[in-house]
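K.L.:
Right, I'll just put the structure down here and ask away after.
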Amino acid sequence: MNFPFKKTAAKGAVSFAIAMIAIFSLVETIQAQANSTPNAETTNPATTESAPAAPVVEKPASEAPKAESEIGLISLFVTGGWSMWPLLLSSIVGFGVIFERLYFFFTSKLVRKGFNQDLQDAIDASGLKGAQDFLEQNKGQKITGVLANGMEVSQEDPEIFASGVEREASEVITLLEKGLTVLSAVSTIAPLVGFLGTVSGMINAFDAIANADQVNAKVVAGGIKEALITTAAGLIVAIPAMTFYQYLQGKVGFFTSEVEEAANKIYKEYLKLKAGKKA
4 MNFPFKKTAA
14 KGAVSFAIAM
24 IAIFSLVETI
34 QAQANSTPNA
44 ETTNPATTES
54 APAAPVVEKP
64 ASEAPKAESE
74 IGLISLFVTG
84 GWSMWPLLLS
94 SIVGFGVIFE
104 RLYFFFTSKL
114 VRKGFNQDLQ
124 DAIDASGLKG
134 AQDFLEQNKG
144 QKITGVLANG
154 MEVSQEDPEI
164 FASGVEREAS
174 EVITLLEKGL
184 TVLSAVSTIA
194 PLVGFLGTVS
204 GMINAFDAIA
214 NADQVNAKVV
224 AGGIKEALIT
234 TAAGLIVAIP
244 AMTFYQYLQG
254 KVGFFTSEVE
264 EAANKIYKEY
274 LKLKAGKKA
């Protein structure tokens, strides 16, 4: 089946790819900065010159460099503090909704390409009888069910037909929009939680300054690092959620417009039939 959403899907895929590239680049930069701590013993040549004959003392295993254990997203998660937990929960919920909705849309037959044009041709050829035959030949699509149910209860009255289509379409649209409210909430709340973590990190940084006798970069580095990590994490969760929300909302809007166009074609035929009976 040819999906009528190729342009929308392409735009969504491009936006998602750009977002993922930006996210992974940001994470890689943060990891590189986190693991680039200078070693004071290797950068002080005066120490080696003043004691050339000093015996070499091996460091115990407990004092070995911890660079390897600090590499990875787990260390960034721990450094981010308490706000990383609600962000993790938001990401799980958001991606769960995304995968479920994508599976639903790509396995459901909503409306095929050229449906309304073929319906118009059938109506031009045989009127309402042609529309009924066309819908019978295109069973299995959700738009067909909406229109067929409207015609079934219409009693050849255009207003009853319009009410029937509106009722059936609202049920289908409610099914299509399932989970999108949650996805919208995730895309809105995640940056706010990230910014809240940013404020928390800055508070810790200034608290460290207030309690320190001498202020240097190491005093505030921990709080600032926490602030930046939480900001990045909030955006990492929000960008894919917003991208797929817009993409899926576009699918719902496309289906709605197709139903309205098809219903208007049949509605006009009922008006013609009603006018003919009065004449």
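Under the working numbering, the sequence shown has 149 at position 146, and the numbering climbs by one with no breaks. Beta carbons: idealized from backbone N, C-alpha and C, even for Gly. Since this is a predicted model, take the numbers as computed values, not measurements.
1) Note down the Cα distance separating V100 from M245, rounded to an integer number of angstroms.
2) Do the CB positions of A151 and L138 come within less than 7 Å of each other?
3) Report all residues from its chain with a CB closer than 7 Å to the CB of V175; omit the five preceding and five following residues, and keep chain order.
4) Counting only runs of 4+ residues fully inside the region 146 to 216, write out the alpha helix (DSSP H) ranges in chain order.
5) Measure the C-alpha to C-alpha separation of A211 and G204 and round it to an integer number of angstroms.
6) Around the C-beta of K221, are 16 or more other C-beta atoms found within 10 angstroms, so that it is buried, or is it exposed?
7) Which first and last residues belong to the alpha helix (DSSP H) in which L92 is found?
8) Using the rule of at least 16 other Cβ atoms within 10 Å of the residue's Cβ for burial, across every protein chain shown, is N42 buried or exposed?
9) What is the residue span of the alpha helix (DSSP H) that K132 lies within?
10) Does DSSP put L79 in a helix, a strand or coil?
11) Evaluate L178 with the Cβ neighbour count: other Cβ atoms within 10 Å of its Cβ, from every protein chain shown; 16 or more gives buried, anything less gives exposed.
12) I need the straight-line Cα distance from E261 to V168, nearest angstrom please.
13) Once DSSP output is grouped into helix, strand and coil, what is the label at E229?
14) Restricting to Cα atoms, I'd like to know which of L274, A128, V189 is closest to P89.
15) Report the option in W85, I77, L122, T233 whose CA atom is closest to the CA atom of E264.
P.N.:
On the basis of the data shown:
1) 12 Å
2) yes
3) K145, V149
4) 161 to 179, 183 to 214
5) 11 Å
6) exposed
7) 87 to 110
8) Any reading at N42 must be qualified, since the residue scores a pLDDT of 42, below 50, and its modelled position is unreliable; no value is offered.
9) 118 to 140
10) helix
11) exposed
12) 12 Å
13) helix
14) V189
15) L122
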